[in-house]
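In the numbering used here, the protein residues as written are 28 to 390. All remarks here apply to the structure that follows.
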Ligand SMILES: Cc1cc2nc3c(=O)[nH]c(=O)nc-3n(C[C@H](O)[C@H](O)[C@H](O)COP(=O)(O)O)c2cc1C
């Protein structure tokens with residue numbers, strides 16, 4: 028039987044030589060005549076141990092070694108790596124390591140464990156249970172559950188997600204959209220990146236639930252160009268979800284449509300601000316955009332302080348011209364989301380929603 032080996036495909040792990048370690052392991056296994064099944068996973072988060080190699084032992088436990096450079100591979104294989112044998116780089120089970128053992132992983136529960144672009148792996152670890160449940164509910168019921176859950180946005184204002192979803196649900200528009208703010212512009216903040224690289228289907232499922240809930244049939248993920256690895260993972264995951272009927276004109280045979288498109292920004296910090304993001308997404312320069320002082324959503328819970336702050340023009344923001352700018356511009360209801368975060372209600376994701384009447388935009 029083939030020995031199962033797991034190595035991260037996360038950007039940080041790759042920067043530290045995970046690809047070279049992977050190649051060296053394949054060469055060493057072939058030379059030894061050992062059959063291995065190599066799965067590239069997300070990062071467990073212990074970047075100081077990357078490249079982290081996990082080997083499944085005969086009892087099905089994953090035994091970690093790290094950091095394993097390409098130069099370490101030959102000695103490790105000689106010492107019995109494929110049998111999870113002792114070695115100075117052997118760390119034992121990741122779950123038993125003190126840094127890891129103290130944590131209760133919710134959003135990141137699958138990251139580093141599953142193949143990020145395998146629908147089967149995602150299903151085997153509880154994926155799509157939320158969508159299946161949501162498909163048996165009305166949009167209003169889903170929104171009510173998100174409201175009751177107390178879920179809040181992570182953009183800084185902690186605005187109740189359910190109120191944003193309800194606002195979009197109540198709009199009568201022939202076309203609504205869900206937009207994920209995956210710009211993650213704050214320096215050194217990599218939680219969205221790691222999630223998109225390690226469990227992109229979680230984001231895809233969350234956006235699908237949001238779309239079904241509010242009546243949106245099209246979603247956009249706005250990703251900064253500094254995240255090419257996340258882009259690869261998202262593209263692969265979107266294609267895999269579409270191939271299995273989790274995206275498209277008939278989501279899981281429900282008769283409801285929802286599809287996703289990935290759009291890459293040019294990497295301007297201001298494009299993480301929601302009105303600038305939409306301008307960038309629509310392919311227009313973001314000159315003198317003024318945010319509305321409050322949205323209909325915010326009025327429901329008292330005025331929400333949406334800073335009326337003009338943005339400086341930035342050529343960097345004039346990117347990713349959409350192929351259907353006109354139809355996209357016809358949207359009056361826009362639902363914002365950030366990269367996936369867990370909710371105990373209907374999905375493992377926090378959606379970010381806001382409505383910005385185009386009339387509020389300074390031109
Ligand atoms: C200059 C600026 C940059 C921002 N960058 C980001 C960002 O990179 N990612 C993000 O999620 N929100 C960013 N925001 C906040 C968004 O405008 C928006 O409030 C947020 O995406 C809403 O998410 P929430 O509903 O989860 O709170 C930024 C805001 C400003 C003013």
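Think of the CB as a built atom: it goes at the ideal place given N, C-alpha and C, for glycine as much as any other residue. If you're wondering where the values come from, they're calculated on a predicted model, not measured in any experiment.
Item: Compute the Euclidean distance between the alpha carbons of residue 443 and residue 115, then round it to the nearest angstrom.; Value: The chain is shown from 28 up to 390; residue 443 falls before or after that span and cannot be answered.
Item: Residue 141 lies in the alpha helix (DSSP H); which residues open and close that run?; Value: Segment: none, residue 141 is in no alpha helix (DSSP H) and carries neither H nor E.
Item: Using 8 Å as the Cβ pair cut-off and three pairs as the minimum, do the segment 120 to 130 and the segment 148 to 166 touch?; Value: no
Item: Would DSSP call residue 186 helix, strand or coil?; Value: coil
Item: Is residue 253 near ligand 1, going by C-beta to nearest heavy atom under 8 Å?; Value: no
Item: Could you tell me whether the segment 235 to 251 touches the segment 104 to 119, using the rule of 3 or more Cβ pairs below 8 Å?; Value: no
Item: For residue 334, does the count of other Cβ atoms within 10 angstroms reach 16, so buried, or fall short, so exposed?; Value: With a pLDDT of 21 at residue 334, under the threshold of 50, the modelled position of this residue cannot be trusted; read the value that follows with caution. It is exposed - the Cβ of residue 334 has fewer than 16 other Cβ atoms within 10 Å.
Item: Over what stretch of residues does the beta strand (DSSP E) that includes residue 102 continue unbroken?; Value: From DSSP, residue 102 is part of no beta strand (DSSP E) but of the alpha helix (DSSP H) over 97 to 105.
Item: Taking the runs of the alpha helix (DSSP H) that are 4 residues or longer, which of them lie wholly in the segment 50 to 101?; Value: none
Item: Should residue 297 be listed as close to ligand 3, given that the test is whether its C-beta is under 8 Å from any heavy atom?; Value: No copy of ligand 3 appears in this structure; the ligands present are ligand 1.
Item: Which runs of the alpha helix (DSSP H) fall wholly inside the segment 239 to 308 and span at least 4 residues, in chain order?; Value: 255 to 270
Item: Using 9 Å as the threshold, is the C-beta distance between residue 49 and residue 30 below it?; Value: no
Item: Kindly indicate which residue of 214, 215 and 207 has the alpha-carbon position closest to the one of residue 223.; Value: 207
Item: Would you give the residue range spanned by the beta strand (DSSP E) that residue 35 belongs to?; Value: 30 to 35
Item: Assign residue 75 to one of two classes, buried (16 or more other C-beta atoms within 10 Å of its C-beta) or exposed (fewer than that).; Value: exposed
Item: Considering only heavy atoms of ligand 1, does any lie closer than 8 Å to the CB of residue 301?; Value: yes
Item: Between 304, 36 and 111, which lies nearest to residue 71 when the distance is taken from Cα to Cα?; Value: 36
Item: Under three-state DSSP, which class holds residue 45?; Value: helix
Item: When the Cα of residue 267 is compared with those of 122, 73, 99 and 143, which residue comes out closest?; Value: 143
Item: Which residue marks the beginning of the alpha helix (DSSP H) containing residue 180, and which one marks its end?; Value: That residue, residue 180, is in no alpha helix (DSSP H); it is neither H nor E in DSSP.
Item: Thinking C-beta only, is residue 52 closer than 9 Å to residue 100?; Value: yes
Item: If you reduce the DSSP assignment to three classes, tell me which class residue 120 lands in.; Value: coil
Item: Kindly indicate which residue of 220, 211, 280 and 190 has the alpha-carbon position closest to the one of residue 241.; Value: 190
Item: Please classify residue 41 as buried or exposed, where buried requires at least 16 neighbouring CB atoms within 10 angstroms.; Value: buried
Item: Would you identify the three-state DSSP class for residue 136, choosing helix, strand or coil?; Value: coil
Item: Could you tell me the distance, in whole angstroms, from the CA atom of residue 171 to the CA atom of residue 46?; Value: 45 Å
Item: Compute the Euclidean distance between the alpha carbons of residue 251 and residue 158, then round it to the nearest angstrom.; Value: 27 Å
Item: Alpha carbon to alpha carbon, how far is residue 59 from residue 33?; Value: 19 Å
Item: Could you give the first and the last residue of the continuous beta strand (DSSP E) run that contains residue 209?; Value: 204 to 209
Item: Using beta-carbon positions only, say whether residue 294 and residue 229 come within less than 9 Å of one another.; Value: no
Item: Would you say residue 282 and residue 210 are within 9 Å of each other, going by their C-beta atoms?; Value: no
Item: Could you give the residue range of the alpha helix (DSSP H) that holds residue 224?; Value: 218 to 225
Item: Alpha carbons only, please: which of 217, 287 and 292 is nearest the one belonging to residue 38?; Value: 217
Item: Measure the beta-carbon distance from residue 248 to residue 290 and round it to whole angstroms, keeping in mind my assumption that it falls under 8 Å.; Value: 7 Å
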